[in-house]
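Report on the structure given below.
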Amino acid sequence: MSERKQILTYVEMNKPEELSPATLASEVTVSEVSPPDAAINLSFYSRVGADWKWTDRLKWSQEQLNRYISDHNLKTYVGKSRGEDIGFFECAIQPEGNIEITIFGLLPPSIGKGLGGALLSKAVEAAWAIPGIRRVWLHTCNDDHPNALKNYLKRGFKIYDPKKCQLRGS
2 MSERKQILTY VEMNKPEELS PATLASEVTV SEVSPPDAAI NLSFYSRVGA DWKWTDRLKW
62 SQEQLNRYIS DHNLKTYVGK SRGEDIGFFE CAIQPEGNIE ITIFGLLPPS IGKGLGGALL
122 SKAVEAAWAI PGIRRVWLHT CNDDHPNALK NYLKRGFKIY DPKKCQLRGS
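Residues in the sequence shown are numbered from 2 upward in steps of one, following our numbering.
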């Protein structure tokens, strides 16, 4: 039996005005995890990623995780709706005004309630709020939630070919 090939899709947004916020965005709040806390990141990573084959960080040593989380260019945010945690995302500030949403996901009880679009709207707003940002990007794959790419496109992201965009830091 052969393994299914993983297909990556890269999306970007080049202006804050391209964001098309979700209707439930007003019901979601986000807060930055400050100071950085490896336990919070790992807890969300393992719970959000359990169904989507997120395993890389589960193999990291505590030292690797602490080094990653303490990078001053990484920002972690937790999303809440009605006081309950719904998911999280990480943003990595990169050269030339780029920011990558490196991790984005909902906790399993929040899936299917329209909160993915709302949390993504808040993630994009948080990314654009960082001074000097000129481009927000991320990638997804066919192992992620079946609605992930649809959500990104609905919020205003456009698909691009990273091989043609090497000067833009992707």
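Think of the CB as a built atom: it goes at the ideal place given N, C-alpha and C, for glycine as much as any other residue. A quick note: this is a predicted structure, and the numbers were derived from the prediction, not measured.
query	result
Put Trp-138 into one of helix, strand or coil per three-state DSSP.	strand
Kindly confirm or deny that the region 9 to 22 and the region 120 to 129 touch, where touching means at least three C-beta pairs closer than 8 Å.	yes
Which parts of the region 39 to 117 are runs of the beta strand (DSSP E), unbroken and 3 residues or longer, counting only runs that do not cross its ends?	75 to 82, 85 to 94 and 99 to 107
Let's see if you can read the secondary structure: which residues bound the alpha helix (DSSP H) around Lys-159?	Looking at the DSSP string, Lys-159 is not in any alpha helix (DSSP H); the run it does join, the beta strand (DSSP E), is 159 to 161.
For Ala-149, which residues of its own chain have a beta-carbon under 6 Å away from its beta-carbon, when the five flanking residues on both sides are left out?	Thr-141
Could you compute how far the alpha carbon of Ile-87 sits from the alpha carbon of Lys-81?	5 Å
Is Val-125 helix, strand or coil by DSSP?	helix
Counting Cβ pairs closer than 8 Å, one from the region 87 to 99 and one from the region 29 to 45, do we hit at least three?	yes
Around the Cβ of Trp-138, are there at least 16 other Cβ atoms within 10 angstroms (buried) or fewer (exposed)?	buried
Could you check how far apart the C-beta atoms of Glu-33 and Tyr-78 are, in whole angstroms? I think they sit under 8 Å.	5 Å
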